[in-house]
Amino acid sequence: MPSARFIKSAVHPHEYPPDRGLEIAIAGRSNAGKSSLINLMTGSRIAKVSGTPGKTRLLNFFEMNGGKYTLVDMPGYGFAARSGDEMHDWHQMVESYLASRQVLRGLLLVMDIRREWTKDEDMLKGFTDHRGLPMAVVLTKSDKLSRNEIQKAVAALKKKSSLNHVFVVSSLKKTGHVEFEEWLYENWVKPAL
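Residue numbers (this note's numbering): 9 to 201.
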C-alpha cells in the first residue's frame with residue numbers, strides 16, 4: 009500500500025509545488041469517485057470524500073510512495089449547479105495546469121462505470137493528445153453492475169474513447185485497485201524514475 013502525504017492546494021501556477029519529480033493528474037466528473045479512489049490507493053482517508061458533487065475546487069497535490077511521484081487531484085467537472093463563471097474558472101485552471109506542468113506524466117480519468125463517454129471526456133482527451141501525454145481510465149462504482157454489464161460498459165467505453173487502458177475498480181468492495189496500481193507504477197512511474 010503506497011504511503012501518501014498531502015502537500016498543498018493550488019489554483020494558479022505560481023502556487024504549485026516546484027516543477028520537479030513526477031506528477032500524475034487524476035480528473036473526473038463531479039462525484040465520479042476520485043477521492044474514494046485516492047483513499048483506496050493509500051489505505052487512508054487523505055482525500056476528503058463528499059456527498060456533495062463539485063466539492064473539490066482546487067488542485068490538490070499528494071506525495072505518493074515516499075515521494076516517488078505526486079498525484080494531483082483536479083476539481084470535478086460537469087456539475088450543473090456551477091455558474092458560468094465557475095465553469096470558466098475550472099476550464100482555465102485545468103487547461104493552465106495540463107499545458108504548463110513539465111513533470112506531468114499522464115492523466116487518470118475517473119468515471120462512474122454507469123456513465124457514458126461525452127464531449128467533456130473528449131475535451132480532456134484533447135488536452136492530453138495535444139501534449140502527447142498518456143491517458144488511462146479508471147471506472148469506479150463497479151459494484152453497482154453485474155459482471156456482464158461491466159464487460160459491456162468497458163467494451164463501449166474502449167470503442168467510443170479509442171483508449172486501451174481501462175481499469176474497473178470498486179472502492180466499496182475494495183476490488184480492482186491492486187492491478188490498476190501495479191500497471192500505473194510499471195508503466196508511468198517506474199520508467200520516469
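Where a beta carbon is used, it is the ideal one built from N, C-alpha and C, also for glycine.
Keep in mind the model is a prediction, meaning the values are calculated, not measured.
By the C-beta criterion, the region 186-196 is judged not to be in contact with the region 154-164, since fewer than 3 inter-stretch pairs fall below 8 Å. Judged by DSSP secondary structure, residue 130 falls outside any beta strand (DSSP E) and instead within the alpha helix (DSSP H) spanning 127-139. Counted as a single uninterrupted DSSP element, the alpha helix (DSSP H) harbouring residue 162 occupies residues 155-169. Closest in alpha carbon position to residue 183, among 48, 41 and 142, is 48. Only exposed fits residue 172, as fewer than 16 other CB atoms lie within 10 angstroms of its CB.
Of the candidates 71, 23 and 77, the residue whose Cα lies closest to the Cα of residue 15 is 71. Beta-bridge pairing by DSSP links residue 85 to 37. With contacts defined as CB atoms closer than 8 Å, residue 179 and residue 79 fail to qualify as a contacting pair.
Distance from the CA of residue 38 to the CA of residue 168, rounded to the nearest whole angstrom, comes to 21 Å.
Taking all protein chains in view, the Cβ of residue 127 is surrounded by fewer than 16 other Cβ atoms within 10 Å, so the residue is classified as exposed.
A straight line joining the alpha-carbon of residue 147 with that of residue 106 spans about 22 Å.
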